[in-house]
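Visitor:
Numbering (our numbering), first residue to last: 97 to 429.
1) Please tell me whether residue 303 and residue 238 are closer than 8 Å, where the distance is taken between their beta carbons.
2) Excluding the five sequence neighbours on either side, which residues of its own chain have a C-beta within less than 8 Å of the C-beta of residue 414, listed in chain order?
3) Does residue 124 come within less than 8 Å of chain B when only Cβ atoms are used?
4) Could you pull out every residue in the same chain whose Cβ sits closer than 7 Å to the Cβ of residue 322, ignoring the five residues on either side in sequence?
5) Given a cut-off of 8 Å on the beta-carbon distance, is the pair residue 359 and residue 188 in contact?
6) Mind checking residue 430: buried by the 16 CB within 10 Å criterion, or exposed?
7) Could you tell me whether the segment 290-306 touches the segment 162-180, using the rule of 3 or more Cβ pairs below 8 Å?
8) Hey, residue 269 and residue 212 are a contact pair by Cβ (cut 8 Å); roughly how many whole angstroms apart?
9) Could you spell out the range, first to last residue, of the beta strand (DSSP E) harbouring residue 294?
10) Output yes or no for whether 8 Å exceeds the beta carbon distance between residue 400 and residue 389.
11) Where do the N-terminal and C-terminal ends of the alpha helix (DSSP H) with residue 223 fall, by residue?
12) May I ask which residues mark the beginning and end of the beta strand (DSSP E) holding residue 338?
13) If distances are taken between C-alpha atoms only, which option among 367, 396, 204, 368 comes closest to residue 376?
14) Hey, out of 276, 153, 254, 208, whose CA is closest to residue 183's CA?
15) Does the segment 345-361 come close enough to the segment 122-130 to have 3 or more Cβ pairs within less than 8 Å?
16) With DSSP run on the structure shown, which of helix, strand or coil describes residue 307?
17) Output the distance between the C-alpha atoms of residue 343 and residue 357, rounded to the nearest integer angstrom.
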């Protein structure tokens with residue numbers, strides 16, 4: 097007879113409670129490690145992006161500011177600012193000059209003197225000083241303890257067709273007429289050959305907010321000539337700029353080179369300015385909760401600044417030559 101094979105059945109065992117708990121603990125540890133790596137990478141990426149944006153904004157602001165300063169006193173073919181005559185039809189809906197000095201932004205020289213107003217500086221100003229010297233800057237918006245600089249110049253190239261409502265300097269190299277297009281009855285005639293240049297005055301300052309009053313984000317702004325009226329309006333260059341400090345290189349012996357740098361030159365001393373040292377203190381617009389800024393920043397003659405907060409900061413600086421003033425000094429004008 098044939099015998100049937102015998103099959104034995106083995107009981108299958110599942111995971112024990114201890115093994116299950118060990119597996120769960122290992123899974124949690126691995127998950128925590130992955131989440132930690134992800135969070136750290138995300139934090140690093142976010143902060144790197146914030147710092148990079150801050151540095152880019154600071155460099156852009158420095159580039160714009162120093163270019164404007166380098167062009168101070170550029171009046172096209174006209175060498176002597178005192179030869180500019182403002183047209184009688186020039187008016188400003190919003191001026192930004194000293195209190196009691198109407199149409200100040202159209203003045204290329206100080207009334208009653210030979211002092212050029214191509215550069216006007218205010219050092220470490222208070223809110224009251226800012227409002228008194230530059231009436232277009234409200235004391236409530238100004239970042240106290242920072243510098244202000246006013247720059248008067250024309251664009252770097254002659255214009256062809258004129259645009260109604262804009263202000264131009266017409267000059268033949270000997271005399272100049274500052275007028276708003278159209279100039280129906282010019283104050284003086286400018287004989288040919290002549291050229292027209294767009295007038296571009298500006299005032300740089302630090303505002304204590306970026307987007308709305310009270311947001312606490314310091315911002316480098318400027319007042320510029322805009323509109324058909326026209327008037328001085330606000331344009332902002334970079335958020336997060338906490339301080340602006342400028343030292344002016346004075347040519348004391350007439351050789352066209354700076355002999356000393358002054359942070360608070362007088363109007364008379366500014367007649368001999370040939371260069372400027374510009375420093376900006378920039379910070380990120382967002383805090384880094386894992387970072388503590390325990391550094392101390394020293395810019396020019398401003399008080400040392402130790403923020404002790406969680407913002408990253410950088411100082412950007414450069415020295416720029418003011419070619420028009422330097423050329424006039426070298427010529428003895």
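Positions of the beta carbon are idealized from the N, C-alpha and C atoms, including for glycine.
Guide: Reading off the structure:
1) yes
2) 158, 162, 373, 374
3) Reference to chain B is not applicable here, since this structure consists of a single protein chain.
4) 329
5) Going by C-beta atoms, residue 359 is not nearer than 8 Å to residue 188.
6) In the structure displayed, the chain extends from 97 to 429; residue 430 sits before or after that span and is not available.
7) yes
8) Going by Cβ atoms, the distance from residue 269 to residue 212 rounds to 17 Å, so no, they are not a contact pair.
9) Note, residue 294: beta strand (DSSP E), 291-294.
10) Pairing residue 400 with residue 389 gives a Cβ-Cβ distance that is not under 8 Å.
11) 223-229
12) That run of the beta strand (DSSP E) goes 337-346.
13) 396
14) 276
15) no
16) coil
17) 6 Å
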